[in-house]
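The numbering of the sequence shown is the numbering used here, which starts it at 11 and goes up by one.
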Amino acid sequence: MTAGYTVGRDEEKITMKAIVVTDQAAGMAGMKLADRPQPQAAINDVVVQIHASGFVPTELTWPSTWTDRLDRDRTPSIPGHELAGVVTALGYGTTGLSVGQRVFGLADWYRDGTLAEYVAMEARNLAPLPGDVDFTVGASLPISGLTVWQALFQHGRLQAGQSVLVHGAAGAVGSMATQLAREFGAHVIGSGRAADRKTVLDFGANEFVDLGSDALKDVGKVDLVLDGIGGEIGKRSAGLVRAGGTLVSIVGPVEARPEGGLAVDFVVESDRAQLNEIVQRVRDGRLRTNIGTVSTLDDAVAAFNPTERRSGKTIIRVRP
Ligand SMILES: NC(=O)c1ccc[n+]([C@@H]2O[C@H](COP(=O)([O-])OP(=O)(O)OC[C@H]3O[C@@H](n4cnc5c(N)ncnc54)[C@H](OP(=O)(O)O)[C@@H]3O)[C@@H](O)[C@H]2O)c1
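Structure (structure tokens):
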């Protein structure tokens with residue numbers, strides 16, 4: 011996978027391979043492999059040669075994938091916003107990282123993303139990736155890890171001894187939430203499909219709720235709900251939050267608020283200190299990531315459009 015040269019009328023552009031989207035209505039099926047100009051580092055940016063990249067499918071429904079901050083069309087845009095790779099260039103004024111350094115992190119939603127050979131992004135959105143953590147693992151951490159950290163500890167103010175209901179606990183976010191909440195001394199009830207019972211308990215949940223057959227109200231009162239599913243399940247969960255507790259949604263604004271409790275919805279933000287906390291836990295074995303499929307950039311479109319149910323996160327290994 012080497013970068014090619016495209017000679018334009020007035021300029022020579024170095025190109026790279028990337029997945030692009032141009033048609034919002036087409037959803038995941040509209041992803042295409044294409045040649046795009048290699049990005050340049052702006053002020054405080056780095057350019058990262060991407061070794062592995064992650065992607066959250068709902069990105070394709072977010073305005074930031076399609077328009078810039080002034081609401082102007084920015085297609086063709088490159089989706090994928092988490093990555094692990096190596097810094098290849100520094101922008102004007104960039105400090106804190108150096109060329110050749112292994113890094114991982116979360117790229118800006120409004121800029122071209124990480125399903126590509128290179129990305130330009132602000133250095134502050136990256137953290138060093140220790141040499142003993144594989145790029146594939148590194149790319150699986152930023153979105154799920156930061157989302158969980160922020161949901162549990164910033165927005166949910168989780169304390170040791172409290173109870174937390176994690177919806178979608180077999181998923182990328184849910185499996186990390188289960189492990190981190192247990193590590194911090196919480197009682198974890200994980201929910202999901204019947205087939206996910208073993209996975210959820212293996213990630214450390216104290217109890218499992220089968221959303222297909224168990225009555226959610228039988229869970230009783232909890233201090234925190236982390237909702238990664240939404241809809242009816244989110245609505246019914248509001249009634250489970252005890253007074254003073256919190257319903258944290260990562261799937262958009264809550265439709266029902268807990269009585270006597272708080273409701274928060276948020277979008278994950280990058281945070282270098284939190285990335286360091288997360289990767290340290292992966293190194294010492296306290297945290298396992300939930301990678302299901304590893305594919306190449308050439309096969310990424312097929313990997314993101316599977317014909318059968320796949321569990322775990324799909325990671326694109328951009329460089330072998
Ligand atoms: N706000 C933010 O900043 C933020 C950050 C990260 C993720 N998110 C969002 O959070 C959600 C979860 O993300 P993720 O990466 O963890 O996704 P994921 O890996 O697909 O996990 C979701 C889990 O929930 C299960 N699930 C979904 N609907 C269900 C239902 N009706 N009944 C039972 N189980 C159900 C899924 O099972 P199946 O695979 O069988 O459907 C899967 O195990 C996504 O919507 C994502 O876009 C938001």
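Using N, Cα and C, we set each Cβ at its ideal position, and we do this for glycine too.
Best match in the options for proximity to residue i [C-alpha to C-alpha]
i, options, result
"Asp-275", "Gly-166, Thr-104, Lys-323", "Gly-166"
"Gly-64", "Ser-321, Ser-305, Ser-74", "Ser-305"
"Thr-124", "Ala-137, His-61, Asp-78, Gln-164", "His-61"
"Val-335", "Asp-118, Pro-152, Thr-77", "Not covered by the structure: residue 335. The range shown for the chain is 11 to 330."
"Ser-223", "Val-96, Gly-202, Glu-242, Leu-116", "Gly-202"
"Gly-141", "Arg-82, Gly-110, Arg-267, Asp-118", "Gly-110"
"Ser-154", "Ala-126, Gly-200, Val-183", "Val-183"
"Asn-315", "Gly-37, Lys-23, Asp-33, Val-30", "Gly-37"
"Ala-310", "Glu-217, Arg-252, Leu-43", "Leu-43"
"Ala-133", "Phe-114, Leu-156, Thr-32, Phe-213", "Phe-114"
"Leu-93", "Ser-185, Trp-119, Gly-40, Ala-312", "Trp-119"
"Ile-326", "Ser-150, Thr-25, Asp-122", "Ser-150"
"Leu-285", "Asn-135, Met-41, Val-129, Pro-67", "Asn-135"
"Lys-23", "Asp-45, Thr-299, Gln-34, Gly-40", "Asp-45"
"Asp-81", "Trp-72, Ala-126, Val-277", "Trp-72"
"Ala-126", "Gly-106, Ala-196, Pro-49, Leu-162", "Pro-49"
Any non-hydrogen atom of ligand 1 closer than 7 Å to residue i Cβ
i, result
"Val-258", "no"
"Gly-238", "yes"
"Thr-157", "yes"
"Ile-29", "no"
"Gly-178", "yes"
"Gly-181", "yes"
"Phe-213", "no"
"Arg-207", "no"
"Arg-246", "no"
"Ile-243", "yes"
"Thr-85", "no"
"Ile-153", "yes"
"Arg-298", "no"
"Arg-203", "yes"
"Thr-188", "no"
"Phe-65", "no"
Residues bridged to residue i [DSSP beta-bridge criterion]
i, result
"Thr-68", "DSSP, once it has assigned bridges, lists no residue as partnering Thr-68."
"Thr-303", "Thr-324"
"Gly-200", "Val-176, Phe-218"
"Gly-95", "Ile-60, Val-113"
"Ser-259", "Asp-237, Asp-275"
"Ile-288", "Answer is none; Ile-288 lacks a bridge partner."
"Glu-132", "Asp-55"
"Asp-228", "DSSP lists no partner for Asp-228."
"Asp-45", "Lys-27"
Whole-angstrom distance between residue j and residue i, CA atom to CA atom
i, j, result
"Val-2", "Val-258", "For residue 2 there is no data in the structure shown, the boundaries of the chain being 11 and 330."
"Arg-329", "Gln-59", "9 Å"
"Ala-99", "Ser-108", "8 Å"
"Val-17", "Thr-85", "Confidence at Val-17 is low in this model, with a pLDDT of 49, below 50, so its placement is unreliable and no value can be given for it."
"Ala-51", "Val-57", "6 Å"
"Asp-20", "Pro-47", "Interpretation of Asp-20 is limited by its pLDDT of 45, a score under 50 that renders its predicted location unreliable; the figure taken from the coordinates is listed afterwards. The straight-line gap from Cα to Cα measures roughly 15 Å."
"Ser-74", "Ala-117", "12 Å"
"Leu-70", "Val-30", "11 Å"
"Thr-12", "Gly-270", "Low local confidence applies: a pLDDT of 46 at Thr-12 is under 50, so the model's placement there is unreliable, with the coordinate-based value given in what follows. One C-alpha to the other measures close to 57 Å."
"Asp-55", "Tyr-102", "8 Å"
"Arg-79", "Val-158", "26 Å"
"Asp-220", "Ala-204", "5 Å"
"Asn-216", "Thr-188", "9 Å"
"Ala-248", "Gly-322", "27 Å"
"Arg-192", "Met-186", "10 Å"
"Gln-164", "Val-96", "30 Å"
Check: residue i C-beta below 7 Å from any heavy atom of ligand 3
i, result
"Lys-323", "Within the structure as shown, ligand 3 is missing, the only ligands being ligand 1."
Could you say if the stretch 238-250 and the stretch 175-182 meet the contact criterion of at least three C-beta pairs nearer than 8 Å?
yes
Below 8 Å, can you find three or more Cβ-Cβ pairs linking the stretch 158-174 to the stretch 137-146?
no
Is there contact here, the stretch 244-254 with the stretch 204-212, by at least three beta-carbon pairs under 8 Å?
no
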